[in-house]
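Participant: Encoded as structure tokens, here's the structure I'll be asking about.
Residue numbers (the UniProt record's numbering), protein chains in the order written: chain C, 1 to 748; chain D, 1 to 321.
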């Protein structure tokens, strides 16, 4: 295969810039492990407690740190009175380093230090000092004993009162503002118009594992066991924050207990632990309390979305506008790209997608599962439901009529797109034809309804590298700083390696999360599997090339299976083809393909709810999702990703809301008793189906992101089902019972 | 958590003389101690006292040991069969793990879940008397609309206690001087007034040893809880109801409410509105009017007033159907 020959950058590197499609893949191989619903390879370690998370590493002379929070919402610290704290038994030190401590977590992929200078407090709960103790309890008591003196300053705590202060943010994944055609005119001329405003609240990822770091300096190098998603860029953030060179910081994150974006960048505890460890000459562990996770990591910004749709009499969209107000702390650049899916989901000549960012003195906003689509698709897909109702059309038919032949703004082809097939297959599997007219299916106290919504999630490829070593005893060892945040990375990388090298799965060892290993994409934006998976694949491809050469055959004629190379009627153990361990580093980089083809994953959600006519309580009865995301690498872990996304969707629709006190910006509901993620009783049996697909334009393994597809549109399907059950449209999420009964008359 | 002394009591007398805070399951107290919302100097562990039994009484009622775990009480066949409202209320509370650990006596003494009570950086008259109340004028979705004061609008979070109030339970205690008291649950809790930190009539060192239920009431029993998620959430509104209908007329009624007030709420006027009358929408509405006549919302909890009305009326319809 000549294409492979070209790809070798050097003897031990197989690098690929994705400038051309890759029509064939060795993943369609003979070992037959790819795609299979294989259990997580690290599962037994996790359930036996032998998979150490960041806070679980032993260290000699370890001491414990607890962060001290600002107890005011905006102003300048004038004094940190640590007298009482220092007097407590077991307290070693109270460390303030205003200039070095970070105010909020770093953003995903950023390589600069997050904003520093915590003396200038920007939000209630900002970490401003660390108390270190011989025990965790001593440090916690010490933190509670610190007294602060401060001068308060004017602040923005109330979103509704500062809506006029929105400004266009800097272009990121998408531009802050974008326009095409003449929206206003087309909307005004449209025979059918819909103009609705949806709001979504602040949310928190609420990962099971809180943010945690153990910092230890060894010979001038910081070793930090951290709960992080993107090791390579996090090392850079941490080095910059500490003012040391990047090679003096090594982050290790072998197991991470959920991230959902909240652990993309370094969080305040990492810098504080590193500063304290240096000062004290001892390793320092800091684990955020759950209350601090809510208060001092990142939230998903609340949004206000005005959506206007103008169509002809048949429901074909001619004018589309999705304008969003979002918020972040002053000095933070990140903004929630609410309309990212709106750019390409539906056709329409005249369109605008605008975002305006309001500076607020609240916990920083950052990435949370499917930034953009998670909230934007709630607004847009509910608006589409309203439009269908207005037109008297089935919501699936409305989407069929607005299916674009190509990406409607960039006018480029889709690499693959199966949104309408997902809707159609889902409709059949779910029994969509049984849906009744809104508000007409009442049995006793309960109102029954069904809802549908489409799912889209942009696909992204990131630069990623991995080294694979084929050992003389017939094993393959994978080394990359990629992370497994509970998603199944260990397993899919083992499957890719086993399939490409023709090895039984138990002959593959995967090492992740060590910053000394080749730099990967990290986990985020649903790009982890496609990016790091491609790097592992390319490394294995390089090994195949060498094995073929050693065997004296071409790559094409060689089959690898069960540890043997088979070609020309010969079957040779691969161990006989190498004299010493053979290592190849694979590296993938995005290229022209992402400009030539619009890449995204697609799906459809169907939901059945019942709503209590007396109390307004909602119970989700059934939910079904159909998804297409290129090659499915592991049916079980992919399915789990979708189940998790759909569960997030139920939470977003019904229960989750991070509440700030409007007088101080303080997070009011700071624990899992009052920040309501869905519990088992809120989540019925969920059904997930995949459409068969290979995306040859995306990457050499033909897979696209799936981690965030399951949440996209999920909440809208729930909300649309509530409307169908009750005839009540609530446009302010979450749809709690009080908002329903406000509009639902009570027939005493 | 502030440093504290720990003492294990082997007898009720030792416990009442120990001069400390009692701890049994610890499902509420330990969380509050970690946050320094509670800072007892001494914990007296009563979990080994012999107060684990559920006995039938001569009058046909039950005597429930203060240490009986919530899950055991909910599953006791006598409770399931004859005090259904109590079993259902228990199972509507907390989670399986918490119910396994939480005790009967401790459940009665749960502290409020007010967001501001839980955060020492907020003003709270219940936690720090005289400091003020940040819940008034703040976010108060889960807080009270009945029995509040200018000092405090906290709710009592228990489900179990609401059912016990409907069942006319009696709380049996023992004091340090050996005196035993039998306190009707109707007299057990105090309104916040100017002293929201004082929640019950218990004296210092007074230990709940038992809770007595009178003979099972006649009629239908129900516990209905409205909450923000299907499990593991405190009541926005709950109703514990026991109603007997004879000859087409409500012969007796006991109605208690959770999520509305600083204590499990019961108001005789609510029952008086329906007793002696034929079940009807008018009668039910009169009961709701009686319940909510003095209700006062504080902004984000205003919805509890219409929600309580609807929930009560629907519950009465069920109980009299």
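All residues carry an ideal CB built from backbone N, CA and C; glycine is no exception.
Beta-carbon of residue 306 of chain D versus every beta-carbon of chain C: anything under 8 Å?
Facilitator: For the purposes of this step, residue 306 of chain D is taken as the residue at position 306 of the second chain. With 8 Å as the cut-off, residue 306 of chain D counts as an interface residue toward chain C.
Participant: Inspect the beta-carbon positions of residue 740 of chain C and residue 719 of chain C and report whether they are closer than 8 Å.
Facilitator: The count along the first chain starts at 1 and reaches residue 740 of chain C at position 740. The count along the first chain starts at 1 and reaches residue 719 of chain C at position 719. Not a contact, by the Cβ cut-off of 8 Å.
Participant: Can you name the residues that DSSP bridges to residue 198 of chain C?
Facilitator: Translated into the one-based positions of the first chain, residue 198 of chain C becomes position 198. According to DSSP, residue 198 of chain C bridges with C:305.
Participant: Taking 8 Å as the threshold (C-beta atoms), are residue 687 of chain C and residue 751 of chain C in contact?
Facilitator: As shown, chain C starts at 1 and ends at 748. That puts residue 751 of chain C outside it, with no answer to give.
Participant: Buried or exposed: where does residue 273 of chain C fall if 16 or more other Cβ atoms within 10 Å of its Cβ makes it buried?
Facilitator: Residue mapping note: residue 273 of chain C aligns to position 273 of the first chain, counting from 1. Counting Cβ neighbours within 10 Å, residue 273 of chain C comes out buried, since at least 16 surround it.
Participant: Identify each residue in the region 602–614 of chain C for which the Cβ-Cβ distance to at least one residue of chain D is less than 8 Å, and report them in chain order.
Facilitator: Those residues of the region 602–614 of chain C that come within reach of chain D (Cβ to Cβ, closer than 8 Å) are 614.
Participant: Take residue 381 of chain C and list the residues in its own chain whose beta-carbon comes closer than 7 Å to its own, dropping the five residues that flank it on each side.
Facilitator: Looking up residue 381 of chain C in the first chain gives position 381. So the qualifying residues of the chain are 453, 454, 713 and 716.
Participant: In terms of residue numbering, what span does the alpha helix (DSSP H) encompassing residue 597 of chain C cover?
Facilitator: As a working note, residue 597 of chain C is residue 597 in the first chain. Segment: none, residue 597 of chain C is in no alpha helix (DSSP H) and carries neither H nor E.
Participant: Could you give the first and the last residue of the continuous beta strand (DSSP E) run that contains residue 623 of chain C?
Facilitator: Position 623 of the first chain, counted from the first residue, corresponds to residue 623 of chain C. Where residue 623 of chain C is concerned, the enclosing beta strand (DSSP E) stretches over 618–628.
Participant: Flag residue 303 of chain D as yes if its beta-carbon sits less than 8 Å from any beta-carbon of chain C, otherwise no.
Facilitator: Locating residue 303 of chain D in the second chain gives position 303, where the first residue counts as 1. So, interface residue.
Participant: Go ahead and pull the three-state DSSP assignment for residue 285 of chain C.
Facilitator: As a first step, residue 285 of chain C is located in the first chain; it is residue number 285 there, counting from the start. Strand.
Participant: Between residue 617 of chain C and chain D, is there a C-beta pair that is closer than 8 Å?
Facilitator: On the first chain, residue 617 of chain C is found 617 positions in, with the first residue counted as 1. Yes, because at least one Cβ of chain D sits closer than 8 Å to the Cβ of residue 617 of chain C.
Participant: Taking the alpha-carbon of residue 15 of chain C as reference, which of C:603, C:554, C:536 and C:132 has the nearest alpha-carbon?
Facilitator: To locate residue 15 of chain C, count along the first chain from 1; it is residue 15. Nearest of C:603, C:554, C:536 and C:132 to residue 15 of chain C, Cα basis: C:536.
Participant: Using 10 angstroms around the beta-carbon of residue 581 of chain C, count the other beta-carbons present and answer buried if the total reaches 16, otherwise exposed.
Facilitator: As a first step, residue 581 of chain C must be located in the first chain, where it is residue number 581. Answer is exposed; the Cβ neighbour count stays below 16.
Participant: Identify whether residue 610 of chain C lies in helix, strand or coil by the three-state DSSP scheme.
Facilitator: For the purposes of this step, residue 610 of chain C is taken as the residue at position 610 of the first chain. In the structure shown, residue 610 of chain C sits in a strand (DSSP, three-state: E or B).
Participant: Considering only the alpha carbon of each residue, which of C:296, C:447, C:682 and C:576 lies closest to residue 228 of chain D?
Facilitator: Within the second chain, the letter at position 228 stands for residue 228 of chain D. The shortest Cα separation from residue 228 of chain D among C:296, C:447, C:682 and C:576 belongs to C:682.
Participant: For a contact defined as C-beta to C-beta under 7 Å, what are the partners of residue 36 of chain D on chain C?
Facilitator: Translated into the one-based positions of the second chain, residue 36 of chain D becomes position 36. Within 7 Å Cβ-Cβ: 144.
Participant: How close, in whole Å, do the beta carbons of residue 194 of chain C and residue 229 of chain C come, if the pair is a contact with beta carbons under 8 Å?
Facilitator: As a first step, residue 194 of chain C is located in the first chain; it is residue number 194 there, counting from the start. As a first step, residue 229 of chain C is located in the first chain; it is residue number 229 there, counting from the start. At roughly 38 Å, the Cβ-Cβ gap does not stay under 8 Å, so residue 194 of chain C and residue 229 of chain C are not in contact.
Participant: Would you decide whether residue 208 of chain C is buried or exposed? Buried here means 16 or more other CB atoms lie within 10 Å of its CB.
Facilitator: Taking the first chain and counting its residues from 1, one reaches residue 208 of chain C at position 208. Burial call: exposed.
Participant: With distances taken between CB atoms, is the gap from residue 621 of chain C to residue 684 of chain C smaller than 8 Å?
Facilitator: On the first chain, position 621 is the one that residue 621 of chain C refers to. On the first chain, position 684 is the one that residue 684 of chain C refers to. For residue 621 of chain C and residue 684 of chain C, yes; Cβs fall inside 8 Å.
Participant: I believe residue 459 of chain C touches residue 599 of chain C by the beta-carbon criterion, under 8 Å. Please report the beta-carbon distance rounded to the nearest angstrom.
Facilitator: Numbered from its first residue, the first chain carries residue 459 of chain C at position 459. Numbered from its first residue, the first chain carries residue 599 of chain C at position 599. 4 Å between Cβ atoms; contact.
Participant: Three-state secondary structure (DSSP) at residue 300 of chain C?
Facilitator: Against the first chain, residue 300 of chain C aligns to sequence position 300. Strand, per DSSP.
Participant: Compute the beta-carbon to beta-carbon distance between residue 211 of chain D and residue 85 of chain D, rounded to the nearest angstrom, for a pair I have assumed lies under 8 Å.
Facilitator: The residue given as residue 211 of chain D occupies position 211 in the second chain. The residue given as residue 85 of chain D occupies position 85 in the second chain. Not confirmed; about 14 Å, so no contact.
Participant: Are any of the Cβ atoms in chain D nearer than 8 Å to that of residue 746 of chain C?
Facilitator: Residue 746 of chain C sits at position 746 when you count from the first residue of the first chain. Yes, residue 746 of chain C counts as interfacial toward chain D.
Participant: Sort C:553, C:727 and C:489 by Cα distance to residue 632 of chain C and report the nearest one.
Facilitator: One-based indexing of the first chain puts residue 632 of chain C at position 632. Of C:553, C:727 and C:489, the residue nearest in Cα terms is C:489.
Participant: Smallest Cα separation from residue 608 of chain C: which of C:532, C:725 and C:546?
Facilitator: As a position in the first chain, residue 608 of chain C is number 608, starting the count at 1. The shortest Cα separation from residue 608 of chain C among C:532, C:725 and C:546 belongs to C:725.
Participant: Check distances from the C-beta atoms of the region 130–144 of chain D to those of chain C and list, in chain order, the residues that come in under 9 Å.
Facilitator: Listed by position, the residues of the region 130–144 of chain D near chain C (Cβ gap below 9 Å) are 134, 137, 138, 139, 141 and 142.
Participant: Near residue 700 of chain C, which residues of its chain fall below 7 Å by C-beta distance, leaving aside the five closest residues on each side in sequence?
Facilitator: Here residue 700 of chain C is taken as the residue at index 700 of the first chain, counted from 1. Here the set comprises 16, 22, 25, 534, 537 and 538.
Participant: At which residues does the beta strand (DSSP E) containing residue 680 of chain C begin and terminate?
Facilitator: Here residue 680 of chain C corresponds to residue number 680 of the first chain, with the count starting at 1. Run containing residue 680 of chain C: none; DSSP gives neither H nor E here.
Participant: Helix, strand or coil, according to DSSP, for residue 3 of chain C in the structure here?
Facilitator: Against the first chain, residue 3 of chain C aligns to sequence position 3. Caution is warranted here: a pLDDT of 39 is assigned to residue 3 of chain C, below 50, making its placement in the model unreliable, and the coordinate value is therefore given only provisionally. Note: residue 3 of chain C maps to helix in three-state DSSP.
Participant: So is residue 2 of chain D in contact with chain C if we call contact Cβ pairs under 8 Å?
Facilitator: Indexing the second chain from 1 puts residue 2 of chain D at position 2. By this cut-off, residue 2 of chain D is an interface position.
Participant: Helix, strand or coil for residue 699 of chain C per DSSP?
Facilitator: Along the first chain, read from residue 1 onward, the residue named residue 699 of chain C stands at position 699. Coil at residue 699 of chain C, not helix or strand.
Participant: Against chain D, does residue 668 of chain C count as a neighbour if the rule is that its beta carbon must be under 8 Å from one of theirs?
Facilitator: As a position in the first chain, residue 668 of chain C is number 668, starting the count at 1. Yes, its Cβ sits closer than 8 Å to a Cβ of chain D.
Participant: If we define contact as Cβ-Cβ less than 8 Å, is residue 719 of chain C a contact residue for chain D?
Facilitator: For the purposes of this step, residue 719 of chain C is identified with residue 719 of the first chain, where counting begins at 1. Not an interface residue.
Participant: What's the call for residue 6 of chain D, buried or exposed, on a 16-neighbour Cβ count within 10 Å?
Facilitator: Counting from 1 along the second chain, the entry for residue 6 of chain D is found at position 6. So residue 6 of chain D ends up on the exposed side.
Participant: Sorted by chain position, which residues of the same chain lie with C-beta nearer than 6 Å to residue 614 of chain C's C-beta, five sequence neighbours on each side aside?
Facilitator: The residue given as residue 614 of chain C occupies position 614 in the first chain. Result list for residue 614 of chain C: 445, in chain order.
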